[in-house]
Structure formats: C-alpha cells, structure tokens
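Below is one structure; the comments refer to it alone.
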Amino acid sequence: MDFANFLIQLLNSVQYGLLLFMLAAGLTLIFGIMGVVNLAHGSFYMLGAYLAWSLALKTGSLVLAIALGTAISVAFGLVLERLLFRHFYHRDHLDQVLLTFGLIYIFEEMRSILWGDDVHGVTIPTLLSASIPLTDNLSYPVYRLFMSGLCIALALGLYFLISRTRLGMKIRAGAFNHEMTEALGVNVKLIHAVVFALGVGLATIAGMIAAPISSVYPNMGSQVLIMCFVVVVIGGIGSVRGALISALLVGLVDTFGKVLLPQVAGMLVYMLMAAVLLWKPEGLFKQ
C-alpha cells in the first residue's frame with residue numbers, strides 16, 4: 278500500500294468513525310443519563326436518510342433538507358419521549374427492550390407506507406461534488422471531508438454543551454443523582470426530554486449526511502445498530518469520550534481490515550470488542 282492509498286483509507290476510517298460516533302453518542306447519552314436501552318436507535322438513522330431524500334427532492338437543496346430534517350427529528354424525539362419513553366424510565370430493562378424492539382417494526386411499516394420499499398439515491402450538492410487530487414490517478418471526495426468536518430463540529434458542540442453550560446451541569450447532575458437533583462428544583466423530566474431529543478437528532482443527522490454515499494434503502498438502520506452497540510460497549514456505557522475514541526478505533530479496524538485482511542474483516546471489530554472486554558470489562562472509560 279503506497280502513501281496515497283494509505284491516506285485515502287485513513288481518511289475513510291476517520292470519516293466512518295466520526296459517523297459512528299454521531300450514532301453512538303446519542304445512544305450512550307440516552308442510556309447513561311436516562312437508563313433506557315433503546316434498540317430503535319438505528320431507526321432514527323434510517324429516518325434521517327429518508328428525510329434527506331424526500332426533503333431534498335421537495336426543496337432542491339440537501340443543506341436545507343438537513344436543516345428541516347433536524348428540526349423535524351428533534352420535534353419527533355420530544356413527542357416520542359413524552360408519549361412512550363417517559364413511562365419506562367423506572368421499569369425493568371426487559372420492558373424497555375420489548376418497547377423499543379416493537380418500535381423497530383412500527384417504524385419499518387411507517388417507512389414502507391410513507392416512502393415505499395425502493396432504493397433511492399441522494400444527490401451530492403454541486404459545491405461539495407468535487408474531488409481533491411492526491412496523485413495522477415487518485416483523488417478524495419470533498420463531500421467526505423465535509424462529513425468529517427460536520428461530525429467534528431457537532432462533537433465539539435456536544436462536549437461544550439455537556440461540560441461547559443448550565444444545561445450540561447443539570448444533565449450531569451440528573452445522571453449522577455436523579456432524586457437529589459429533582460429535590461433541588463431542577464425539572465428532571467424536561468432534562469430527560471431534551472437529552473432524548475438530542476440523541477434522536479444526532480442519529481438523524483448521521484443518517485442525513487450519510488445518505489448521499491450509502492443510498493437510502495429499507496432496514497438500513499438495523500445494520501448500523503449492531504456496530505453502534507459495539508462502539509458503546511468498547512468505549513464504556515455512558516461515556517461520550519469513550520464513544521468518540523471507540524468509534525475512531527472501530528473505524529480504523531474495520532476500514533483497514535477490509536483492505537488488508539478481507540477474509541476475516543467481518544470478525545475483526547468483534548475480536549477487538551472481545552479483547553477490550555477481557556482487559557477492561559467496563560469498557561475503555563467508565564461513565
């Protein structure tokens with residue numbers, strides 16, 4: 278592998294890892310702060326992809342579609358939390374698994390009714406459709422760099438929100454001691470609604486920005502959900518920092534594994550997870 282090919286695969290692995298972080302961050306926030314096991318998280322990724330496709334067709338702009346889709350997904354998350362998830366915070370994890378597993382089938386049927394079962398493509402905006410030449414024969418798409426840059430910006434924004442704002446202080450306090458935080462006058466129900474909507478929004482944005490390079494098709498959320506749980510387990514359940522480092526590590530192993538060891542590439546990520554759990558059963562970082 279020459280340097281140009283190595284650089285392309287490295288950029289691909291970082292881009293894939295950052296996309297996984299967008300998904301895993303929402304999942305680990307919802308579980309770490311609210312204690313909810315959400316198997317339907319991949320469905321929000323699928324929702325984002327279909328919103329990007331349908332709204333881009335109606336508006337003629339992917340950027341506008343992402344902005345509108347984000348607002349729709351956050352509103353959808355608030356409604357879903359209020360009607361369903363709020364009643365399962367203090368119930369057994371098995372009840373939560375059954376609820377979210379049922380939601381997967383409901384979301385798939387809704388997707389089939391609203392958008393059909395065909396495979397769709399989303400056009401990359403003209404401004405981002407160019408490629409940066411690396412050699413005479415190799416180039417790297419600008420859109421993939423845009424994806425990585427947007428994911429980094431959102432990761433920094435999430436870090437600032439959780440660590441440096443008053444809302445973030447309330448979120449951390451509610452995760453540490455729910456009863457005491459509520460006794461101090463903090464509206465914990467509102468905090469939970471905001472966190473859930475934030476998690477839904479992150480997963481939906483990941484689906485929207487990934488749609489132009491991965492296509493839009495039925496059951497696409499199920500494929501990323503397993504990898505998303507792998508990232509959360511390796512990084513440590515409830516740790517956003519762990520989710521970031523784990524996602525980048527999984528991106529590296531998966532991308533270079535497919536290039537260098539294609540015969541066993543499908544096993545490498547799970548072998549990595551097994552090795553980490555043998556070394557640190559709680560994951561790389563505790564909550």
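Heads up, the sequence shown is in our numbering, so the first residue is 278 and it goes up one at a time. Even glycine gets a Cβ: it sits at the ideal position worked out from N, Cα and C. Every value quoted in this text rests on a predicted model; they were computed, and no experiment measured them.
How about residue i and residue j: do their beta carbons lie closer than 8 Å?
{"i": "G519", "j": "G513", "result": "yes"}
{"i": "H367", "j": "C505", "result": "no"}
{"i": "Y322", "j": "L306", "result": "no"}
{"i": "V536", "j": "Q286", "result": "yes"}
{"i": "G309", "j": "A452", "result": "yes"}
{"i": "G484", "j": "A326", "result": "yes"}
Pick helix, strand or coil for residue i, following the three-state DSSP scheme.
{"i": "I439", "result": "helix"}
{"i": "Y417", "result": "strand"}
{"i": "H397", "result": "strand"}
{"i": "I514", "result": "coil"}
{"i": "P402", "result": "coil"}
{"i": "V269", "result": "Examination of residue 269 is not possible in this model, given that the chain is present from 278 through 564 alone."}
{"i": "V493", "result": "strand"}
{"i": "S408", "result": "strand"}
{"i": "V463", "result": "coil"}
Could you tell me how far apart the beta carbons of residue i and residue j are, in whole angstroms, since I believe they sit closer than 8 Å?
{"i": "T412", "j": "P489", "result": "Not quite, the Cβ-Cβ distance comes to about 25 Å (not below 8 Å), so this is no contact."}
{"i": "V313", "j": "A474", "result": "Not quite, the Cβ-Cβ distance comes to about 13 Å (not below 8 Å), so this is no contact."}
{"i": "L316", "j": "T403", "result": "In fact, because the Cβ distance is near 38 Å, the residues do not count as touching under 8 Å."}
{"i": "V291", "j": "L526", "result": "11 Å between Cβ atoms; not a contact."}
Rank the options by C-alpha distance to the C-alpha of residue i and give the top, closest one.
{"i": "S406", "options": "G462, Y382, T377 and L339", "result": "L339"}
{"i": "F280", "options": "L306, D369 and S416", "result": "S416"}
{"i": "L391", "options": "V508, A432, S331 and Y420", "result": "S331"}
{"i": "I482", "options": "S425, L467, D372 and L438", "result": "S425"}
{"i": "I522", "options": "G294, A333, I285 and L284", "result": "G294"}
{"i": "T347", "options": "L328, L334 and G337", "result": "L328"}
{"i": "R388", "options": "R449, K557, V493 and G309", "result": "V493"}
{"i": "R421", "options": "A430, I486, L435 and K447", "result": "I486"}
Going by beta carbon distance, what residues of the same chain come within less than 8 Å of residue i, once the five residues before and after it are set aside?
{"i": "L545", "result": "V530, D531, G534 and L538"}
{"i": "E358", "result": "H469, A470, F473 and A474"}
{"i": "V477", "result": "G303, F321, S350, V351, F353, G354 and L357"}
Who are the near neighbours of residue i in its chain, counting only those whose CB is closer than 6 Å to its CB and skipping five residues on each side?
{"i": "F384", "result": "S320"}
{"i": "N289", "result": "T532"}
Using C-beta distances below 7 Å, list every residue in its chain close to residue i, excluding the 5 sequence neighbours before and after it, in chain order.
{"i": "F562", "result": "G512, G513, S516, R518 and G519"}
{"i": "I409", "result": "S416, Y417 and V419"}
{"i": "V501", "result": "L300, G319 and Y322"}
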